[in-house]
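Peer 1: Protein chains in written order, with the working numbering: chain V, 1 to 460; chain Z, 1001 to 1293.
Backbone N, C-alpha and C fix where the C-beta goes; we use that ideal spot for every residue, glycine too.
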Ligand SMILES: Nc1ncnc2c1ncn2[C@@H]1O[C@H](COP(=O)(O)OP(=O)(O)OP(=O)(O)O)[C@@H](O)[C@H]1O
Ligand SMILES: [Mg+2]
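(1) Nearest by alpha-carbon distance to residue 257/V: which of 232/V, 190/V and 290/V is it?
(2) Report the rounded CA-to-CA distance for residue 140/V versus residue 54/V, giving the unit in angstroms.
(3) Terminal residues of the continuous beta strand (DSSP E) containing residue 1107/Z?
(4) Under 9 Å between beta-carbons, which chain Z residues line up against residue 334/V? List them in chain order, please.
(5) Please give me, in chain order, every unbroken run of the alpha helix (DSSP H) with length at least 4 that falls completely inside the segment 1132-1203 of chain Z.
(6) Does the distance between the C-beta of residue 1069/Z and the nearest non-hydrogen atom of ligand 2 fall short of 8 Å?
(7) Starting from the beta carbon of residue 319/V, find every residue of chain Z whose beta carbon is closer than 7 Å, and list them in chain order.
(8) Could you tell me whether any non-hydrogen atom of ligand 2 is closer than 8 Å to the CB of residue 1213/Z?
(9) With a threshold of 8 Å, establish whether the CB of residue 1091/Z neighbours any heavy atom of ligand 2.
(10) Shorter than 9 Å from the beta carbon of residue 1161/Z to some beta carbon of chain V?
(11) Determine the chain Z residues that contact residue 311/V at a beta-carbon separation under 9 Å, and present them in chain order.
(12) For the alpha helix (DSSP H) containing residue 223/V, list its first residue and its last residue.
(13) Between residue 1138/Z and the rest of its own chain, which residues show a CB-CB distance below 6 Å, the 5 nearest in sequence each way excluded?
(14) In chain V, which residues lie less than 9 Å from residue 1157/Z when you measure between Cβ atoms?
(15) In this structure, what does DSSP give as the bridge partners for residue 111/V?
(16) Which chain Z residues are close to residue 406/V, counting only those with a beta carbon under 8 Å from its beta carbon?
(17) Is any non-hydrogen atom of ligand 2 found closer than 8 Å to the C-beta of residue 331/V, if you look at the structure I gave you?
(18) So, under 8 Å CB-CB, residue 1241/Z and residue 1076/Z are touching, yes? Tell me the CB distance rounded to an integer number of Å.
(19) Under 7 Å Cβ-Cβ, which residues of chain Z neighbour residue 326/V?
(20) Along the chain, which unbroken stretches of the beta strand (DSSP E) at least 3 residues long are found entirely within the segment 1019-1088 of chain Z?
(21) Residue ranges of each beta strand (DSSP E) run of no fewer than 3 residues wholly in the segment 1214-1274 of chain Z, ordered along the chain?
(22) For residue 159/V and residue 135/V, what's the separation of their Cα atoms in angstroms?
(23) Indicate the three-state DSSP secondary structure (helix, strand or coil) for residue 154/V in the structure shown.
(24) In chain order, what residues of the same chain have a beta carbon less than 6 Å from the beta carbon of residue 1118/Z, not counting five sequence neighbours either side?
(25) Given that a residue counts as buried once 16 or more other Cβ atoms are within 10 Å of its Cβ, and exposed if not, what is residue 174/V?
(26) Where residue 1071/Z and residue 1266/Z are concerned, what is the direct C-alpha to C-alpha distance, given to the nearest angstrom?
(27) Less than 9 Å separating the beta-carbons of residue 30/V and residue 157/V?
(28) Could you compute how far the alpha carbon of residue 1156/Z sits from the alpha carbon of residue 1274/Z?
(29) Exposed or buried, residue 1061/Z, counting other C-beta atoms within 10 Å across all chains shown (16 or more means buried)?
(30) Let me know the secondary structure DSSP gives residue 1288/Z once reduced to three states.
(31) State yes or no: is the beta carbon of residue 306/V nearer than 9 Å to at least one beta carbon in chain Z?
(32) I'd like the list of long-range same chain contacts for residue 106/V, defined as Cβ closer than 8 Å, with 5 residues on each side in sequence excluded.
(33) From residue 218/V to residue 284/V, what does the alpha carbon distance come to, in whole angstroms?
(34) Check whether the Cβ of residue 1136/Z sits closer than 8 Å to any heavy atom of ligand 2, and report yes or no.
(35) Does the contact criterion of 3 or more C-beta pairs under 8 Å hold for the segment 192-199 of chain V versus the segment 247-265 of chain V?
(36) Counting C-beta neighbours from all protein chains within 10 Å, is the total for residue 1088/Z 16 or more, i.e. buried, or is it exposed?
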């Protein structure tokens, strides 16, 4: 912003100056272009402060003879370490040039042994120079010498867009120079899937996508749980119509791909002139989809509570609602936590499908970066991002499963033959290690819930 | 489906054919006359029975007739032990009393109030507050501690304050010898301990009648003793009215005021324990008692 307004101001001042001095300004040496090559591992961007190649081209106009060119870039750019290749082209053929190049900080002077005549294109390729590390638009300016003396060069237009050199970029830069990195990348597999420099840049550029994935699934899940609970209770309702509505809702959503649901919502709603922000719509679709799976999980969970629990509550004089709220649902919640967590993992992974409709989530970012770099590392990095969330949750699931299997003992009827061993375990004051078969037997209702989830997983 | 509905209608018509329960005074006097030789219970003048079961019939799915014609009166403070072979309908009769099963026909009266046929859900819940039940499989709430199990009925149903309910819970747990296990989850208790918590849970509601359905059948022999001791204490010192379905002959002989022998959905024989055990009137009773010994 700043740089641009400054350059606009400059242009205006210069224009005014020329308008005052010379009524008609004709450029003797036209600046055709000034470009910089994206740095290595910078993706598609030119990063300031890192070595790059600057290409400057100008055409000598009619009746001119150019004896030297003096280029200037903003102060913290540098030509100090650079080497310059000078080419003069006449049409498509090279014209011989003798030249001497002297570089000094942010200026570079090329003097020609023989002045370059009209019609020739002068190309300067300046290797290993650096643009300002602050980033922003960089304009190449300067002067040239013709037969009449020193003349102003037209500023390069459009300016070179650069991005700032972050600590991350310096790390990438550092990696570039490491011997082991070079050897690592020389291996075809490692270089293609696990290029260290790209892992670093991917980590930073995929991060917003990862946050969006998490944001979508976390925002959608409370709604999914609420909807799921409502439909679960509807499905076990006494009224046939209510049951039918729930069954249709659940089966339709479970029986069609999420991908299709996303397409219908993202392309269908705009056609009805309902325009919702992409991310919000993503949250809505994910919530609706998950609610169907959660409804089944909750229903299975509620039905896995033994009849004896209802009877015990009833024998205390509890009503249906009291029984549900105080006895059945608390136990259901405990039982379904692992399956719900599994579903959460599933939903989190499924946000990737939203990339197909332009939601800027993790897959979208990694797809873009991969197509720019031609390297698979961004995908691998995306995998790392998914795993950061899913692996701990998978661990949580198995831990809770084990704990529930233990604590559910004694909730309903106990197999008589095993009771003795359990008693011994308690008497010993041990952490109720019990028999595996006993644990299995008593977590059977829960296991039933799991197998429902198994079905769920395969439908997805 | 249609058959079921038809069976239900027929059952209801059948129920109307049975003469309605008599006037409370008359019925009490008749029951007294009938029962005075059958129980060790010491009657007070003009006492009314706690539970009155008349011509109780229960059919499952319109076909399997489990209870044919059960007649039984239970007096306040009386301990009635129900014996009988498996499948004779003992549990079903017990569950009909607190309406866990809906009687097909006949009458059940609790404190002279008829509970069969016409109660709404609120009245049913009210009724169940006054009828505690202890199950064969304990049915403790696994997500609550022993104390929580005893408290929840008091706080949610009787609407007692937390502090009151807790004090009562601790008192009842102490009575069953489990004060030190108050904060244990059911899973951390032995079967015997769980059943004692279940008894405390039922007693804490201060019901008029306690129903026990084979409370020791799921227990290992060495754990039975503790549970029976708690029940004996309730009967002898608590003055609790109890209907106990059990196979524990020793307990029945020592603690019961009356022993009832059921088979095939009817009460075959009832009487004082020593009469029934030592001089059974019916061949089937003798045979059953013989097979148990
Ligand atoms: N819900 C039900 N549906 C159909 N039949 C049932 C049902 N409950 C019980 N029965 C049947 O009723 C009969 C009596 O059952 P009940 O449980 O009352 O017997 P019980 O005397 O308690 O036997 P046990 O000593 O084995 O507990 C059995 O034949 C049983 O199959
Ligand atoms: Mg039974």
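Peer 2: Considering the structure as presented:
(1) Minimum Cα distance to residue 257/V is reached at 290/V.
(2) 10 Å
(3) 1105-1110
(4) Ordered by position in chain Z, the residues that pass the 9 Å Cβ test against residue 334/V are 1142 and 1143.
(5) Runs of the alpha helix (DSSP H) inside the segment 1132-1203 of chain Z: 1146-1156, 1162-1175 and 1191-1203.
(6) no
(7) 1121 and 1125
(8) yes
(9) yes
(10) Interface criterion not met: the Cβ of residue 1161/Z is under 9 Å from no Cβ in chain V.
(11) 1095, 1100, 1133, 1135 and 1139, listed in chain order.
(12) 196-235
(13) 1194, 1195 and 1198
(14) 316, 317, 318, 319 and 322
(15) DSSP links residue 111/V through a beta bridge to 68/V and 100/V.
(16) 1187
(17) no
(18) Right, their Cβ atoms sit about 6 Å apart.
(19) Residues of chain Z with a Cβ closer than 7 Å to the Cβ of residue 326/V are, in chain order, 1152 and 1156.
(20) 1051-1060, 1064-1074 and 1079-1083
(21) 1241-1245, 1258-1263 and 1266-1271
(22) 12 Å
(23) coil
(24) Same-chain partners within the cutoff: there are none.
(25) exposed
(26) 8 Å
(27) no
(28) 43 Å
(29) exposed
(30) Three-state DSSP puts residue 1288/Z in a helix.
(31) yes
(32) 72, 73, 74, 75, 76, 77, 78 and 79
(33) So the two alpha carbons sit approximately 12 Å from each other.
(34) yes
(35) The count of Cβ pairs closer than 8 Å, one atom from the segment 192-199 of chain V and one from the segment 247-265 of chain V, stays below three, leaving the stretches out of contact.
(36) buried
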